[in-house]
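For reference, the structure discussed in these notes is given below.
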Amino acid sequence: MITGTLINYYFHCRTQCWLHANRINLEDNSEDVRIGKVLHEISEEKAQKAEVKIDNVKIDKITKEYLVELKKSDSDPEAVKWQVLLYLYKLRGKGIERKGKVEYHEKNHNTKSEIIELDDANEKALLSVLEAITTLITSPTPPAPKFENKCKKCAYFDYCFI
Amino acid sequence: MAKNHTRYIFSMGELKRKDNSIAFSNEKGNFYLPIEETRELYCLNEVSFNTKFLDFIARAGITMHIFNYHGNYSGSFYPKEYLISGDLTIKQSLSFVNERLVIAKSIVSAIAQNIHEVLYHYYRHDKKELKPYIDWLKNDVPSLLHVTMKVEQILFVEGQIWSRFYDSFKYFLPEDFVMNKRVKRPPDNPINALISFGNTLLYTKTIASIYHTHLNQSISFLHSPREGRFSLSLDLSEAFKPVIVFKTIFDLVGRKKLQVLKHFDKSLNYALLNEEGKKIFIDAFEERMNETFLHVKLKRKVSYKHCLKLDGYKLIKTIVEGREFTPFLLKEKM
Chain A
1 MITGTLINYY FHCRTQCWLH ANRINLEDNS EDVRIGKVLH EISEEKAQKA EVKIDNVKID
61 KITKEYLVEL KKSDSDPEAV KWQVLLYLYK LRGKGIERKG KVEYHEKNHN TKSEIIELDD
121 ANEKALLSVL EAITTLITSP TPPAPKFENK CKKCAYFDYC FI
Chain B
1 MAKNHTRYIF SMGELKRKDN SIAFSNEKGN FYLPIEETRE LYCLNEVSFN TKFLDFIARA
61 GITMHIFNYH GNYSGSFYPK EYLISGDLTI KQSLSFVNER LVIAKSIVSA IAQNIHEVLY
121 HYYRHDKKEL KPYIDWLKND VPSLLHVTMK VEQILFVEGQ IWSRFYDSFK YFLPEDFVMN
181 KRVKRPPDNP INALISFGNT LLYTKTIASI YHTHLNQSIS FLHSPREGRF SLSLDLSEAF
241 KPVIVFKTIF DLVGRKKLQV LKHFDKSLNY ALLNEEGKKI FIDAFEERMN ETFLHVKLKR
301 KVSYKHCLKL DGYKLIKTIV EGREFTPFLL KEKM
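Going down the list, the protein sequences come from chains A and B.
Residues 1 to 162 in the UniProt record's numbering are what the first sequence spells out, letter by letter.
Residues 1 to 334 in the UniProt record's numbering are what the second sequence spells out, letter by letter.
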């Protein structure tokens, strides 16, 4: 079953997509992430984040008109677009019709948003993407990583380039 | 220097959860350790705690290592696994079946290369008596490994490397630290005490590093998985022993920072470090673990401690992608 994260990774980086799908998730070395995670984990007072779960798809927010995906930064809009299309497609399968809306909450920036609709053309494209992902993640080894600028911040950096 | 996330407790007392901090209390008062800045806890004295405390550190992914009064390792509190991959475990087992010899050889080869690198320093500084041994490491060990066909033979070569290494101490260590032979449980003289203590510290560091990977701690290659311990940690710590444990020992002993009469327990024939000795050793050990250098391949600064985890990643790559396994090499700095 292909998840939102996986389709996002597919467009972000194929190696990351394979590793994640094959359950090789690495510890995030970033101190900020760890601090946040530890504090979140241990503070029982904090309420559970309000997420809606349909099948294995976790949706940030759903309104009468929109399915809303919250993102911290707009660094990879293409990857987010496909993630949202997958959600819309899954919702359609349940008889729920929505438009997608991506909200970017960047620090010190105004919130930007983008509307995405699932039409015949991109539905067809989505299906072939899902097929391509299945082929990728079931291959025995991950594709060799190619160094790019975005690699520097990735949790898989050490694994990829050691 | 890389941030140090290891806390050592030398005195008797109690560990508790206090709000979202670790609190250590004894007659001298309360000491607080922020949870997010702690990754490992070492208890070197009698410490009490309850399950609420264990649950607290487990959720923060902290491993706790426990030592008895004599400085012997009792065991580790190892929180439940958070990185589990059944697929990788299967592949790790397959690697054991198909690649055990190759991986075991690469570990022994790395031990030899790293010892060579450490001793070459003394050879350059006029300890010419070391020549036969370092030549043997450089020339004979690779060819010996080349012809070995069985794990027993590889283990024999490894045994030879270590015993000749211990024999070579007489050429560059002060006389009161020269050893007759390696004795483990319990150690019978100061140098054996240092080696045992150092190796155990490194072993626990490796356990904590592997905890943060998907590797299965019990499927090992050089050591037999039958040993029923975290034998993969024994495997991955081997190549680091010359680099971390022995360089620390040689440095402390050579500079007379550790002395037989001052830092070892007299009542036990100087065969154990006393509290002050342990503190000196641990300080130097931690400093070395956290020392950073430019990693040749990654082109970023890494600590030796991080290199332990990187060796875990290398092993995952060997297991998943069939790439050759080369443990950390001091000379190459990668």
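Note that beta-carbon positions come from the ideal geometry of N, C-alpha and C, so glycine has one too.
Lys247 (chain B) and Val118 (chain B) have their C-alpha atoms roughly 7 Å apart. For Leu41 (chain B), the uninterrupted beta strand (DSSP E) run begins and ends at 40-43, by DSSP. A Cβ-Cβ separation of about 6 Å places Phe77 (chain B) in contact with Leu54 (chain B) under the 8 Å criterion. For Thr111 (chain A), the secondary structure class from DSSP, reduced to helix, strand or coil, is coil. A direct Cα-Cα distance of roughly 28 Å separates Met149 (chain B) from Ser168 (chain B). Nearest neighbour of Ala79 (chain A) by Cα position, chosen from A:Lys99, A:Arg14, A:Ile24, turns out to be A:Arg14. Contacts with chain B at 9 Å (Cβ-Cβ) include Pro142 (chain A). Taking a cut-off of 8 Å on C-beta distances, the segment 36-46 of chain B touches the segment 6-20 of chain B, as three or more cross pairs fall below it. Val57 (chain A) is a Cβ neighbour of Lys90 (chain A), given a cutoff of 9 Å. Cβ-Cβ separation between Ala104 (chain B) and Val151 (chain B): approximately 6 Å, consistent with a contact (criterion under 8 Å). Secondary structure at Glu152 (chain B): helix, using DSSP grouped into helix, strand and coil. Contacts between Tyr9 (chain A) and chain B, judged by CB atoms closer than 9 Å, are missing: the closest CB pair is about 16 Å apart. Rounded to whole angstroms, the separation of the alpha carbons of Leu329 (chain B) and Ser109 (chain B) is 10 Å. Distance check between His105 (chain A) and each of A:Ile2, A:Cys154, A:Val68 places A:Val68 closest, using alpha-carbon atoms only. Any Cβ of chain B closer than 9 Å to the Cβ of Leu26 (chain A) would place that residue at the interface, and such an atom is present. In the three-state reduction of the DSSP assignment, Lys266 (chain B) falls in the helix class. Against chain A, the CB of His121 (chain B) has no partner CB under 9 Å away; the residue lies outside that interface.
Taking 9 Å as the cut-off, the Cβ atoms of Lys333 (chain B) and Leu294 (chain B) count as close. Under the 9 Å criterion on CB atoms, Ile219 (chain B) is classed as non-interfacial with respect to chain A.
The beta carbon of Lys112 (chain A) sits closer than 7 Å to the beta carbons of Asp74, Tyr104 from its chain, once the five residues preceding and following it are set aside; these are given in chain order.
Following the DSSP letters along the chain, one finds Pro142 (chain B) inside the alpha helix (DSSP H) bounded by residues 141-147. The Cβ of Ile162 (chain A) sits closer than 9 Å to at least one Cβ of chain B. The beta-carbon separation of Ile195 (chain B) and Ile111 (chain B), rounded to 14 Å, does not stay under the 8 Å limit for a contact. Contacts with chain A (Cβ-Cβ distance below 7 Å) from the segment 239-263 of chain B involve no residue at all.
Within chain B, the C-beta atoms nearer than 9 Å to that of Asn22 (chain A) come from Ser85, Asp87, Leu88, Val320, in chain order.
When secondary structure is reduced to three states using DSSP, Met64 (chain B) falls in the strand class. Not flagged as an interface residue toward chain A: Thr204 (chain B), since no C-beta distance is shorter than 9 Å.
For Ile133 (chain A), the CB contacts under 6 Å within the same chain, skipping 5 residues up- and downstream, are Ile2, Tyr10 in chain order. Tyr159 (chain A) reaches chain B at Tyr313, Ile316, Lys317, counting residues in chain order whose Cβ is nearer than 8 Å.
Taking 9 Å as the Cβ-Cβ cut-off, the segment 63-83 of chain B approaches chain A at Tyr82, Leu83, given in chain order. In summary, the residues of the segment 283-310 of chain B whose CB is separated from some CB of chain A by less than 9 Å are His295, Lys297, Leu298, Lys299, Arg300, Val302, His306, Lys309, Leu310, in the order they occur in the chain.
Going by C-alpha positions, Phe285 (chain B) is about 25 Å away from Gly159 (chain B). The Cβ atoms of Asn26 (chain B) and Ser11 (chain B) lie closer than 9 Å to each other. Collapsing the DSSP output to three states places Phe221 (chain B) in coil. C-alpha of Thr318 (chain B) to C-alpha of Lys266 (chain B): approximately 48 Å in a straight line. Following the DSSP letters along the chain, one finds Ile9 (chain B) inside the beta strand (DSSP E) bounded by residues 6-9.
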